[in-house]
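First comes the structure, then the notes that go with it.
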Amino acid sequence: MSAKGEDEKMVQYTDLVGTLMTSVTEIVDMISSMMVAFVSISLVVSSIMIGVITYISVLERRKEIGILRAIGASKRNVSEVFNAETFIIGLCSGIMGIVLSEILLIPGNIIIQKVSGTSTLVASLPVDAALFLVALATLLTILAGIIPARGAAKCNPVKALRAE
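The structure is reproduced here in structure tokens:
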């Protein structure tokens, strides 16, 4: 390259920051996917459990269902009683979950700020996300309680009053 015969020197550059950021991004994406899977499984299991609890509640209150039907309550009225119960359970559960999340954010933010060394990094739960989560909890409990509520509505009042 030069007229004096000096050898050409090559400089090799590796973008370590870019490589590190790519690795960190992949790890965060993998953890996020695992969390979504865990939450999805939890929602399915909790919906099944709510259905089972409502079904057990129907079995334990067969006499009450029979009395309601004997005094003139329609099948729809009996079903509405159990649907209202699951609605209240879902609403209260959703609200309790949001309150617990907000309480856990306090020590969580302290840890985040100590680890990051900055006070500008703060985790929070947006209001629209909180409302969505409460609505989702309520909807899932209503859906989980529909089948047991229909079973309660189909209960024969005479057989229900005879049952122990």
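To convert, note that position 8 of the sequence shown is 165 in the numbering used here; the numbers rise steadily by one, no gaps. For each residue, glycine too, the CB sits at the ideal point set by N, CA and C. From a predicted model like this one, the values you see are computed outputs, not experimental measurements.
Give me, in chain order, the residues of the same chain whose beta-carbon lies closer than 7 Å to that of LYS220; leave out the 5 immediate sequence neighbours on both sides.
Same-chain partners within the cutoff: ALA317, LEU318 and ALA320.
Please list, in chain order, all residues of the same chain as LYS271 whose beta carbon is under 7 Å from its beta carbon, the five residues on each side excluded.
So no residue of the chain qualifies.
What residues in its chain sit with their C-beta under 6 Å from that of TYR212, if we drop five residues either side in the sequence?
The answer, listed in chain order, is PRO305.
Measuring only the C-alpha atoms, how far is LEU225 from LEU300?
Taking the straight line joining both Cα atoms gives about 23 Å.
Here's the rule: buried if 16 or more other CB atoms are within 10 angstroms of the residue's CB, otherwise exposed. What is SER236?
With 16 or more Cβ atoms within 10 Å of its Cβ, SER236 is classed as buried.
Which residues mark the beginning and the end of the alpha helix (DSSP H) in which THR171 is found?
Per DSSP, THR171 belongs to no alpha helix (DSSP H) and is neither H nor E.
May I ask you to report which of helix, strand or coil DSSP gives LYS166?
The answer is coil: DSSP assigns LYS166 none of H, G, I, E or B.
Report the three-state DSSP secondary structure of LEU278 (helix, strand or coil).
Correct three-state label for LEU278: coil.
Use the C-beta contact count for GLY274: other C-beta atoms within 10 angstroms, 16 or more gives buried, fewer gives exposed.
Counting Cβ neighbours within 10 Å, GLY274 comes out exposed, since fewer than 16 surround it.
Indicate the three-state DSSP secondary structure (helix, strand or coil) for PRO283 in the structure shown.
Of the three classes helix, strand and coil, the one that applies to PRO283 here is coil, per DSSP.
Buried or exposed: ILE207, going by 16 or more other Cβ atoms within 10 Å of its Cβ?
Buried is the call here.
Return helix, strand or coil for SER231, following the three-state DSSP convention.
If DSSP states are grouped into helix, strand and coil, SER231 belongs with coil.
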